[in-house]
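So the protein sequences, as listed, match chains X and C. Per the working numbering, residue 1 is the first one in the first sequence, and the count goes up by one each step. Per the working numbering, residue 222 is the first one in the second sequence, and the count goes up by one each step.
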Amino acid sequence: MPDASVGAIAFVTLLTIMVGARGIRVARTPDDFMVAARQVPPALNAAAISGEYLSAASFLGIAGLVVAQGLGALWYSVGYTAGYLVLLLLVAAPLRRFGAYTIPDFAAGRLGSVGLRQATTVLVLVIGWFYLLPQMKGLADHEAWLVRVLKRWNRRLLDWALWHQRAVFGVSVVSSDAAVCHAVLSQVADAVESIGDAVLTDRATEIVTMGERMYGELDGR
Amino acid sequence: MPGLGDLREDTKHGRLLVRSYLRAQLGLSLMCLTLALVVTASFPLIAALDPAVARISVAGLPLTLLVLGFAFYPVLLGIGWFYNRQARHLESRFTDLVSPPERPPDA
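See below:
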């Protein structure tokens, strides 16, 4: 059953839709959406992005890592920052020159396909949903309704993949490197184990044995 | 003189102009990326070549803390600023090239 968190999510979603519906009267073109019709100066926008960036991960996480592993852990924050530079050099600037504001815009504009735009949008949403999963687990809220739904999808996906063994093997065979194949197989075994379903576990054991035999031959070749 | 008309009509000259502009922008991006990589890789490389470097302390603070906690950020910001300026410069040069400024009315 959905719980209080779903109510909160529904409230925020409704609020966003209402703001969007109001905004649509003012904003007519994609340019109107970009940093509020360019009314937000760069410094203020940078401050907003920084606010988002200074999350629990960067305050508590980095401090904790430095305590646990020493000063080398500061590399994480250097990495995040360098990531912004790479984003600027390879993604943001070309997108801006192209005249697109989002990756779906760019995909649709560059390759002239509406289907591709929709596929990109769906991918972004799926990635967002699975990004939520570890966050909620971190909050010890692993029995929340949303997490249960995501887990059920995960289970279905695994169920499908295990009965279509090419889907499992195909991922690893491309590299034809035995080490990668073993890694993929052990990941499958771990994923199935975390679900705790007897039928799936049996099937996974079969698949892993089959795979190990196959890759063993590959290795000896 | 090739110009805006060539771009609109997608002629051979127009395509050549656009391609050279895109190559210049890509070259700039890759140059800045290499610069950032060299800067970030230099500290661990130096520390690996001479482990004593990691034990240096400046005014009671370990050098590693100063470099990883402070020194990298202005450098990365500087590279971003430099990139932004150069990219704008390339952009305005391209715009000037394809549409030469109008002759002043009194000339």
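Glycine included, C-beta positions come from ideal geometry on N, C-alpha and C.
Looking at X:VAL147: is its Cβ nearer than 7 Å to the Cβ of C:PHE293? Against the first sequence, residue 147 of chain X aligns to sequence position 147. Against the second sequence, residue 293 of chain C aligns to sequence position 72. Cβ distance not < 7 Å, so X:VAL147 and C:PHE293 don't count as in contact.
X:PRO42 - containing alpha helix (DSSP H), residue span: Residue 42 of chain X sits at position 42 when you count from the first residue of the first sequence. Unbroken alpha helix (DSSP H) run through X:PRO42: 42 to 53.
Nearest to X:LEU158 by alpha carbon, out of X:TYR131, X:VAL149, X:ALA191 and X:GLY115? In the first sequence, the residue the question calls residue 158 of chain X occupies position 158. Of X:TYR131, X:VAL149, X:ALA191 and X:GLY115, the residue nearest in Cα terms is X:ALA191.
Assuming X:TYR101 is part of the alpha helix (DSSP H), what are its boundary residues? Taking the first sequence and counting its residues from 1, one reaches residue 101 of chain X at position 101. Careful: X:TYR101 lies outside any alpha helix (DSSP H) and carries neither H nor E.
Could you say which of X:LEU60, X:ALA63 and X:GLY70 lies nearest to C:PRO283 if we only look at CA atoms? If you number the second sequence from 1, residue 283 of chain C lands on position 62. Checked all of X:LEU60, X:ALA63 and X:GLY70; the closest Cα to C:PRO283 is X:GLY70.
What are the partner residues of X:VAL208, as DSSP defines its beta bridges? If you number the first sequence from 1, residue 208 of chain X lands on position 208. Partner(s): none; X:VAL208 has no beta bridge.
Is X:VAL78 close to chain C, meaning its C-beta is less than 7 Å from at least one C-beta of that chain? Taking the first residue of the first sequence as 1, we reach residue 78 of chain X at position 78. Chain C, which has a Cβ nearer than 7 Å to the Cβ of X:VAL78, makes this yes.
X:ALA63: buried (16+ other C-beta within 10 angstroms of its C-beta) or exposed? Along the first sequence, one-based indexing puts residue 63 of chain X at 63. Of the residues assessed, X:ALA63 falls on the exposed side of the cut-off, its CB having fewer than 16 other CB atoms within 10 angstroms.
Separation of X:LEU150 from X:PHE130, as counted between CA atoms: Indexing the first sequence from 1 puts residue 130 of chain X at position 130. Indexing the first sequence from 1 puts residue 150 of chain X at position 150. Their backbone Cα atoms lie some 8 Å apart in a straight line.
Report yes if the CB atom of C:LEU243 is closer than 7 Å to the CB atom of C:VAL319, and no otherwise. Position 22 of the second sequence, counted from the first residue, corresponds to residue 243 of chain C. Position 98 of the second sequence, counted from the first residue, corresponds to residue 319 of chain C. No, the pair does not count as a contact, with Cβ atoms beyond the cut-off.
C:ILE300 versus chain X: which residues are under 8 Å apart at the beta carbon? Within the second sequence, numbered from 1, the residue matching residue 300 of chain C stands at position 79. Correct list: LEU85.
Taking the alpha helix (DSSP H) that C:VAL274 belongs to, which residues open and close that run? The residue given as residue 274 of chain C occupies position 53 in the second sequence. Where C:VAL274 is concerned, there is no enclosing alpha helix (DSSP H), given that its DSSP letter is neither H nor E.
Quick one: residues in its chain with C-beta nearer than 6 Å to the C-beta of C:ILE277, no 5 flanking neighbours on either side, listed in chain order? By one-based count along the second sequence, residue 277 of chain C stands at place 56. Only LEU284 meet the Cβ criterion.
Buried or exposed (CB count within 10 angstroms, at least 16 for buried), X:ALA10: Taking the first sequence and counting its residues from 1, the one referred to as residue 10 of chain X is at position 10. X:ALA10 should be labelled exposed.
Note down, in chain order, every chain X residue with its Cβ under 9 Å from the Cβ of C:GLN246. Within the second sequence, residue 246 of chain C is the residue found at index 25, counting from 1. Near C:GLN246 (Cβ distances below 9 Å), the residues of chain X are ALA93, PRO94 and ARG97.
Determine, using beta-carbon pairs with one atom in the region 255 to 275 of chain C and one in the region 45 to 60 of chain X, whether at least three such pairs fall under 8 Å. no
Quick check on this structure: which residue in X:LEU132, X:ASP105, X:PRO42 and X:PRO41 has the alpha carbon closest to the alpha carbon of X:SER5? Along the first sequence, one-based indexing puts residue 5 of chain X at 5. Looking at the Cα atoms, X:LEU132 is the closest of the given residues.
With 7 Å as the limit, tell me which residues of the region 280 to 292 of chain C have their beta carbon closer than that to any beta carbon of chain X; keep them in chain order. PRO283, THR285, LEU286, LEU289 and GLY290
From the beta carbon of C:THR261, is the nearest beta carbon of chain X less than 7 Å away? Sequence index remark: in the second sequence, residue 261 of chain C carries index 40 (1-based). By this cut-off, C:THR261 is an interface position.
Which bits of chain C does X:THR81 rub up against, with CB to CB less than 9 Å? Within the first sequence, numbered from 1, the residue matching residue 81 of chain X stands at position 81. In chain order: PHE293, TYR294, LEU297 and LEU298.
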